[in-house]
Structures are given as C-alpha cells and as structure tokens.
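When you line the sequence shown up against UniProt numbering, it's residues 1 to 234, in that order. Here a beta-carbon is modelled for each residue, glycine too, at the ideal position from N, C-alpha and C. Since the structure comes first, as structure tokens, the remarks are kept for the end.
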Amino acid sequence: MLQIKDLQVHYGGIHALRGISLEVPDGKIISLIGANGAGKSTTLKAIMGLVPKTSGTILYDKKDITESKTKDIVKDGLILTPEGRRVFPDLTVDENITLGAYVRKDKDGIAKDRKWVFELFPRLEERKWQAAGTLSGGEQQMLAVARSLMGRPKLLMMDEPSLGLAPLIVKNIFGIIKEINQAGVNVLLIEQNAKAALEISDYGYVMETGVVTLSGTGKDLLVNDRVKKAYLGE
1 MLQIKDLQVH YGGIHALRGI SLEVPDGKII SLIGANGAGK STTLKAIMGL
51 VPKTSGTILY DKKDITESKT KDIVKDGLIL TPEGRRVFPD LTVDENITLG
101 AYVRKDKDGI AKDRKWVFEL FPRLEERKWQ AAGTLSGGEQ QMLAVARSLM
151 GRPKLLMMDE PSLGLAPLIV KNIFGIIKEI NQAGVNVLLI EQNAKAALEI
201 SDYGYVMETG VVTLSGTGKD LLVNDRVKKA YLGE
C-alpha cells in the first residue's frame, strides 16, 4: 500500500529525517511512536507533499508519489487528519463534513459516506447545524476524522488524534479507528499515547531524532523493555 525508502528531509540547517524507511501493508493499522521532535509529523507532511524531500522514495499503490502535488495525492485516496484538529470554526459541522468531499463528484457515494460518518459519530449528527468552533475538543476531533473520511481514503494518516482529550474520549476515538480499519481503510497513526496506539496496531515503528530505531508488531513493542521504559512509563 505505502512504502517509504530512505526518506531524508532538511529544514534549513536541521536534518529532520535521516533516511527513514517504513511500510503500511494493505488492511493494516500501523503506528509511529516517539517523543516530541522525533520527526513523526514531518514524516506525514513529507508523504503528503507539504514539505520538500532532500532524497528518498515514496511509493503508494506501487506509484511513485515522491514529487506529486498534495491535491493529486488526496485524489489518489491518501488523506491526512492533521494534528490540532484544524476544523473550520465558523462553519457548521455539516459544512465541515461537506468540505471533506470537495475532490469528489459522485453524489450518491457522497450521500452514502455522509450517512456512514454520522453512524460512526452520532454526536455529530445531533450537532450538525452547530458551529464547529463551539464543539468540545473531543467533538472537534471526531469532526476532523469524519471530514477526512468524506474524501473516501484508501489510506488515512492521523496525527496525534488523542492529543489533549479526556481518557474516555480517547478510548472512543481509538475504538472508532479500529472500526474504520475494519471497514477497509488502511491507517497510519502517529501518537504520543504509545500504549493506546500499539494496542490497536498490527505493526509499529519507534522514531528518535529523525531515525527509526525499532520496529515490530504492536504486541511485541508493548512488552519491549526499551519501549516500556521510554514510552509506557514502566
């Protein structure tokens, strides 16, 4: 589905990504964990064409998208739910969701997906005429995910979906991520909440200062001593 080979990114004099390689196989949830500043968000931005790459290759569905424009990457079904939710606060919930389908022309498919996201997030349907900026943090995160799903992603990349949310809402968000995956959407998940991410992931990668230092199944990483000490508070 997605293959990253020896990806390097520089920000001015900062070597942000130092030759990372990772894969997202079809049908899987893959997590990328690490501390702040490890390069996780930069990885997603590089995949989406939002930051320039120094070198390396990004293959998506066997197609080289290393130099593709962001709008074309989105049209191909690779969609990012950014960190910080980034909803349009002055627009209604329904208008935010409609904007998620802006690259699509299939009215019947859009209507079907709108029904699906309201089934996933019934609270959003209850508030669909409410301004997005008046929602709680958890509701805004649900809206950001719902908006991404309206683009009908083959691969959904999520940047810190649990950041700043109450534990009960976090549990709900991760349950929905599993449900999205079971519906046929591949997921690449970036999280500081390593335990919650690895518990639902088929495979995970650990990043430190722009380098992938460890990888393994979610179950294996949960019991790895290095991971437990650095990221699980044990």
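Verify whether the separation of the beta carbon atoms of residue i and residue j is less than 8 Å.
i, j, result
"Arg147", "Leu99", "yes"
"Ala38", "Thr209", "yes"
"Leu32", "Tyr231", "no"
"Ala81", "Ala144", "Per the sequence shown, residue 81 should be read as Thr rather than Ala. Yes, they are a contact pair."
"Leu155", "Asn186", "yes"
"Leu198", "Leu163", "no"
"Met157", "Ile47", "yes"
"Ile176", "Leu120", "yes"
"Pro89", "Ala131", "yes"
"Pro161", "Gln141", "yes"
With 16 other CB atoms within 10 Å as the buried threshold, where does residue i fall?
i, result
"Glu191", "buried"
"Asp159", "buried"
"Leu188", "buried"
"Glu179", "exposed"
"Ala16", "buried"
"Ile196", "Note that residue 196 is Ala in the sequence shown here, rather than Ile. Buried: at least 16 other Cβ atoms inside 10 Å."
"Pro25", "exposed"
"Arg226", "exposed"
"Glu126", "exposed"
"Gly12", "exposed"
"Leu168", "exposed"
"Gly49", "buried"
"Lys45", "buried"
If I'm right that residue i touches residue j with Cβ under 8 Å, what's the distance once you round it to whole angstroms?
i, j, result
"Leu165", "Gly133", "Wrong, their Cβ atoms sit about 17 Å apart, outside the cutoff."
"Ile20", "Val211", "7 Å"
"Asn96", "Val87", "5 Å"
"Ala101", "Met150", "4 Å"
"Ile29", "Asp220", "That pair is no contact at about 15 Å."
"Val93", "Lys128", "5 Å"
"Lys40", "Met207", "6 Å"
Only counting runs of 4 or more residues, tell me where the alpha helix (DSSP H) segments fall wholly within the segment 55–113, in order along the chain. DSSP assignment within the segment 55–113 yields the following whole alpha helix (DSSP H) runs of 4 residues or more, N-terminal first: 70–75, 93–99.
Can you confirm whether the segment 48–61 touches the segment 1–8 when touching is taken to mean that 3 or more C-beta pairs between the two stretches lie within less than 8 Å? Short answer: they touch.
May I have a chain-ordered list of the alpha helix (DSSP H) segments no shorter than 4 residues that lie completely inside the segment 135–196? Those alpha helix (DSSP H) runs which fall completely within the segment 135–196 and span 4+ residues are 137–149, 167–182.
With three or more beta-carbon pairs closer than 8 Å as the criterion, would you say the segment 64–76 touches the segment 111–118? No: fewer than three Cβ pairs fall under 8 Å.
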